[in-house]
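For reference, the structure is listed below as structure tokens.
Protein chains: 2
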Amino acid sequence: MGGLAIAPSARTTARLAAMSRTGGERRRKVLIDEAIRLFGKEGYNGTSLDAVASAVGVRKQTLLYYFPTKDALLEACMSAAGERLAHALEDALSGKDATWDRAEAVIHSVFALAQQWPEFPAFVREAGRLGPDAFQRFAAALDPLRRRAIAFLDRAMDAGEIRRQDPALLLFTLYTAVVGSLTEASVLRAVVGADKSRASLRRREREVVAFVRSALVPGEDASRASR
Amino acid sequence: MGGLAIAPSARTTARLAAMSRTGGERRRKVLIDEAIRLFGKEGYNGTSLDAVASAVGVRKQTLLYYFPTKDALLEACMSAAGERLAHALEDALSGKDATWDRAEAVIHSVFALAQQWPEFPAFVREAGRLGPDAFQRFAAALDPLRRRAIAFLDRAMDAGEIRRQDPALLLFTLYTAVVGSLTEASVLRAVVGADKSRASLRRREREVVAFVRSALVPGEDASRASR
DNA sequence: GGACTTGTCTACCAAGCGGTAGAGAGTCAT
DNA sequence: ATGACTCTCTACCGCTTGGTAGACAAGTCC
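Those protein sequences? They're chains A and B, same order as listed. If you read the first sequence in our numbering, its first letter stands for residue 8, the second for the next number, and so on. If you read the second sequence in our numbering, its first letter stands for residue 8, the second for the next number, and so on.
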């Protein structure tokens with residue numbers, strides 16, 4: 008996705024102020040949100056441009072004005088979702104230093120994001136299904152965080168706080184646990200019903216936390232000495 | 008797979024061979040296998056009847072002869088996948104009595120099935136995404152096993168072999184862990200490459216086994232809170 | 001006020017979709 | 001040999017899809 012700033016600078020602010028009722032950057036954002044929702048719910052191939060457009064009250068050609076192709080729309084969704092997740096994670100991590108605090112903060116913030124934005128996990132799953140080329144747009148926004156996480160885990164392993172293992176693969180395992188349990192929670196909601204889903208989600212979060220803990224604790228037998 | 012290789016020339020002879028060899032029940036099975044592969048890879052909406060048909064060397068209308076609608080084809084795939092998984096599980100369970108032996112056998116057979124039939128996990132994931140109505144066809148084939156598993160877990164809890172908990176929810180957790188790690192392994196393969204994927208799959212199996220063990224172990228340090 | 005930009009629209013199109021109609025070739029029982 | 005049955009095909013249809021072309025209104029700039 009292009010940056011928030013359009014080429015001309017001085018004129019743009021005035022124009023934006025005049026048009027901010029509907030048109031411009033705001034509409035772009037609304038379209039992306041709706042597209043993420045539908046891509047997650049119906050899948051990429053199962054979502055027509057018409058469906059996205061009419062869901063926000065415009066014609067298909069208005070959507071095509073902002074995103075020249077369906078693929079461009081998808082890329083914009085990938086970047087937007089990645090950035091939003093990245094922001095949530097950064098917020099959650101700020102001020103936390105202890106190893107386990109940070110791990111738990113990451114998990115909790117993802118679950119909280121999933122609770123206030125239920126379409127997000129389904130979209131991420133669909134993003135993963137669409138192949139590496141598309142997925143990379145999503146992952147790109149998270150890459151700085153990924154690097155920081157790997158370095159952080161490495162240091163924690165050196166300090167003996169967590170079990171020695173491949174940090175990248177550990178991250179992948181955590182990703183699997185969180186996304187997996189979230190997306191299957193969506194299935195659970197479809198089966199059980201919306202009322203019970205919130206409680207189940209919290210329950211799943213606790214399960215994931217327990218799982219991660221068991222993955223991090225150093226040495227099965229020497230675990231008692233960890234803290 | 009099967010040597011059916013219909014050449015553009017000699018159409019009549021090819022038809023002759025195809026009739027006696029693959030016609031009828033056999034062709035039906037081949038079509039279902041291919042449909043499962045494509046539904047898993049491209050998604051239900053992303054797979055055209057033409058793609059399935061021409062992938063097995065017949066015209067779309069031949070497919071529609073066996074399955075009158077696309078939905079009927081999907082249902083047949085659901086049932087077939089469910090039954091195949093059910094058979095694999097029954098085989099794995101036969102002759103095993105000890106609690107942990109049975110649990111491990113279930114996990115191992117699912118992973119083995121995923122290894123020799125890589126399209127299967129992706130299809131199951133897509134099946135879950137298509138909503139409860141479609142998913143039920145898949146689950147129906149597994150329902151007897153599910154019942155048996157719940158009864159078995161209940162007895163094991165009574166005997167104090169595993170931690171007391173809701174058996175249905177425990178089963179759901181196991182399902183999540185296995186399917187989640189399998190489908191994300193598909194993503195891993197797409198990213199890392201096919202050569203490393205087999206080793207990673209075995210690694211993931213070990214992780215899942217460890218996870219399940221921690222979920223089953225009664226009391227004590229099941230989810231060690233050592234903060 | 002005229003050139004230009006931005007945003008939204010109607011009208012349209014070629015391609016692909018799921019599905020129908022029905023013919024033809026081979027097989028089998030009578 | 002005939003008629004019923006099985007399997008595969010060609011031909012076609014109506015609908016939806018992603019995408020193009022261009023008119024038009026409102027605002028901005030000089």
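Note that beta-carbon positions come from the ideal geometry of N, C-alpha and C, so glycine has one too.
Requested in this report: Return helix, strand or coil for Lys-103(A), following the three-state DSSP convention.
Outcome: coil
Report task. Give me the Cβ distance between Ala-99(B) and Val-113(B), rounded to the nearest whole Å; I'm assuming they're in contact under 8 Å. Result -> 6 Å
Query raised in the report: Under the three-state reduction of DSSP, which class applies to Leu-38(A): helix, strand or coil?
Result: helix
Requested in this report: List the residues of chain A that Thr-69(B) touches, going by C-beta distances under 8 Å, in chain order.
Outcome: Chain A residues near Thr-69(B): none, gap ~24 Å exceeds 8 Å.
**Report entry** Tyr-72(B) classed as buried or exposed, judged by whether at least 16 other C-beta atoms fall within 10 angstroms
**Finding:** exposed
Query raised in the report: Nearest chain B C-beta to Asp-228(A) closer than 8 Å, yes or no?
Result: For Asp-228(A), the pLDDT reaches just 42, beneath the cut-off of 50, and the residue's location in the model is therefore unreliable, although a value from the coordinates is still provided. No, its Cβ sits nowhere closer than 8 Å to a Cβ of chain B.
Query raised in the report: Going by C-alpha distance, which of Phe-118(A), Arg-154(A), Thr-190(A) is nearest Arg-213(A)?
Result: Phe-118(A)
Query raised in the report: By Cβ distance, which residues of its chain are closer than 8 Å to Ala-206(A), with the 5 residues on each side in sequence left out?
Result: none
Report task. Sort Ala-141(B), Tyr-182(B), Glu-41(B) by Cα distance to Arg-153(B) and report the nearest one. Result -> Tyr-182(B)
Query raised in the report: Which value, in whole angstroms, describes the spacing of the CA atoms of Asp-4(B) and Leu-80(B)?
Result: Outside the shown range of chain B, which is 8 to 234, sits residue 4(B), and nothing can be said about it.
**Report entry** Beta carbon of Ser-89(A) nearer than 8 Å to that of Ala-175(A)
**Finding:** Sequence check: residue 89(A) is Gly here, not Ser. The answer is no: Cβ separation not under 8 Å.
**Report entry** N- and C-terminal bounds of the alpha helix (DSSP H) containing Pro-139(B)
**Finding:** 139-165
Query raised in the report: Residues of chain A with a CB under 9 Å from the CB of Ser-188(B): which are they?
Result: Thr-180, Thr-183, Ala-184, Gly-187
Query - Backbone CA spacing between Ala-163(B) and Ala-222(B) [nearest angstrom] - result: 14 Å
Query raised in the report: Which chain A residues are close to Ser-61(B), counting only those with a beta carbon under 8 Å from its beta carbon?
Result: Those within 8 Å of Ser-61(B) in chain A number zero; the least Cβ separation is about 18 Å.
Query raised in the report: Should Asp-40(A) go down as buried or exposed, given a rule of 16 or more other Cβ atoms within 10 Å for buried?
Result: buried
Query raised in the report: Should the segment 41-48 of chain B be called in touch with the segment 123-131 of chain B, which here means at least 3 C-beta pairs below 8 Å?
Result: yes
Query raised in the report: Does the beta carbon of Gly-50(B) come closer than 8 Å to any beta carbon on chain A?
Result: yes
Query raised in the report: Using a Cβ cut-off of 9 Å, which residues of the segment 208-223 of chain A contact any Cβ in chain B, in chain order?
Result: Arg-210, Arg-211, Arg-213, Glu-214, Val-216, Ala-217, Phe-218, Arg-220, Ser-221, Ala-222
**Report entry** Residue from Ala-95(B), Thr-190(B), Thr-180(B) with nearest C-alpha to Gly-138(A)
**Finding:** Thr-190(B)
Query raised in the report: In chain B, which residues lie less than 8 Å from Gly-89(A) when you measure between Cβ atoms?
Result: Ordered by position in chain B, no residue passes the 8 Å Cβ test against Gly-89(A), which lies about 15 Å from the chain.
Query - Same chain, Cβ closer than 7 Å to Gln-143(A), five either side skipped, listed in chain order - result: none
Query raised in the report: Beta carbon of Val-215(B), beta carbon of Ala-184(B): below 8 Å?
Result: yes
**Report entry** Residue-level contact to chain B via CB, Gly-31(A), 8 Å cutoff
**Finding:** no
Report task. Check whether the Cβ of Gly-3(A) lies closer than 8 Å to any Cβ atom in chain B. Result -> Outside the shown range of chain A (8 to 234) lies residue 3(A), about which nothing can therefore be said.
Report task. Go to Tyr-73(B), then tell me how far its alpha helix (DSSP H) extends in each direction, as first and last residue. Result -> 67-73
**Report entry** Simplified DSSP assignment, three categories, for Arg-234(B)
**Finding:** Residue confidence is low: Arg-234(B) scores 37 on pLDDT, short of 50, so the model does not pin down where it sits. Its coordinate-derived value is still stated next. Residue state, collapsed to three classes: coil.
Report task. Look at the alpha carbon of Ser-274(B) and the alpha carbon of Leu-38(B), and state the distance between them as a whole number of angstroms. Result -> Residue 274(B) lies beyond the residue range present for chain B, which begins at 8 and ends at 234; the question has no answer from this structure.
Requested in this report: Assign Ser-101(A) to one of two classes, buried (16 or more other C-beta atoms within 10 Å of its C-beta) or exposed (fewer than that).
Outcome: exposed
Query raised in the report: Can you give the beta carbon distance from Leu-195(B) to Phe-179(A), rounded, assuming they're within the 8 Å contact cut?
Result: 7 Å
Requested in this report: Please confirm if Leu-45(B) has its CB atom under 8 Å from at least one CB of chain A.
Outcome: no
**Report entry** Of the listed residues Tyr-51(B), Met-85(B), Glu-168(B), Ala-42(B), nearest to Ala-110(B) (C-alpha basis)
**Finding:** Glu-168(B)
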